[in-house]
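Student:
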Amino acid sequence: GTRPSSSHTTMSSSSSVATGERAEYETCASLVERTLEQCPRIAQLRAALLSLGHDIPVSCVQCPEPQPGKTPVAGGYMTDTRSIVMCQKWAAEMPDEIPNTLVHELIHAYDDARACIDWTNLVHHACTEIRAANLSGDCSFRRELNRSNISPLGISMAGQRCIRRRAQISVLMNPACPNNRVAEAAVDKAWMTCFADTAPFDRVPD
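Every number in my numbering is 15 more than the matching position in the sequence shown, counting from 1.
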């Protein structure tokens, strides 16, 4: 998943903007708290992390606005602090997406806790991105259909194509990755082992 910088954008001095951002923060914090309490997949991941000695904090932050035509960042696992941030504007506008996003980022946290990921090793990075896309629901049939990424002739293996695509995009964003060909090779190398690894779940969650 995307790991945004821990430096946050400076808030506008406009009182109306500040009030709007405060409302976004409060909405985000409330939605995240409710999701942490009510989502069984998240409860299982947090219990697994605690068994490894890690309690991962989750906070809402003001993220930079996306460039024109770019998808807004939802949140990220911060490797330096082993914490998760959620972009408060995105969370306030996309509440139904919060559970999958938190599961995605908690998979990164879990993999980091159990394996001490070297984030400059692109195969390590590819592995956790494959697992996060597979186990979070990012690539469910419904979500891919909504993205118009499934055609009547392309239903077979659509989920795996989605997982590969999303993992490759994330690896390409790694500063250690020089180009798309290298990202694709890292995903290929990690694929068989990491696609089959569903820990801490017994199987891919529904």
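Ideal Cβ positions, reconstructed from N, Cα and C, are used throughout, including at glycine. Given the structure is predicted, the values throughout are model-derived calculations rather than measurements.
Just to confirm the assignment: which complete beta strand (DSSP E) runs, minimum length 3, are found wholly within the region 72-154?
Tutor: Entirely contained in the region 72-154, the beta strand (DSSP E) runs reaching 3 residues are, in chain order, 73-76, 90-93, 98-102.
Student: Could you compute how far the alpha carbon of residue 187 sits from the alpha carbon of residue 66?
Tutor: Looking at the two C-alpha atoms, the distance is approximately 32 Å.
Student: Residue range of the alpha helix (DSSP H) that residue 209 falls in?
Tutor: Per DSSP, residue 209 belongs to the alpha helix (DSSP H) from 195-211.
Student: On the DSSP letters alone, give me the boundaries of the alpha helix (DSSP H) that residue 191 sits inside.
Tutor: Unbroken run through residue 191: none, as it is neither H nor E.
Student: What residue range is occupied by the uninterrupted alpha helix (DSSP H) comprising residue 214?
Tutor: From DSSP, residue 214 is part of no alpha helix (DSSP H); its letter is neither H nor E.
Student: Would you decide whether residue 70 is buried or exposed? Buried here means 16 or more other CB atoms lie within 10 Å of its CB.
Tutor: With fewer than 16 Cβ atoms within 10 Å of its Cβ, residue 70 is classed as exposed.
Student: Return helix, strand or coil for residue 67, following the three-state DSSP convention.
Tutor: Residue 67: coil per DSSP, three-state reduction.
Student: Would you identify the three-state DSSP class for residue 47, choosing helix, strand or coil?
Tutor: Reduced to three states, the DSSP call for residue 47 is helix.
Student: Answer yes or no: do residue 90 and residue 120 have a C-beta to C-beta separation smaller than 9 Å?
Tutor: Going by C-beta atoms, residue 90 is nearer than 9 Å to residue 120.
Student: For a test of the three-state rule: what should DSSP assign to residue 180, helix, strand or coil?
Tutor: If DSSP states are grouped into helix, strand and coil, residue 180 belongs with the helices.
Student: Quick check on residue 220: does DSSP put it in helix, strand or coil?
Tutor: Three-state result, residue 220: coil.
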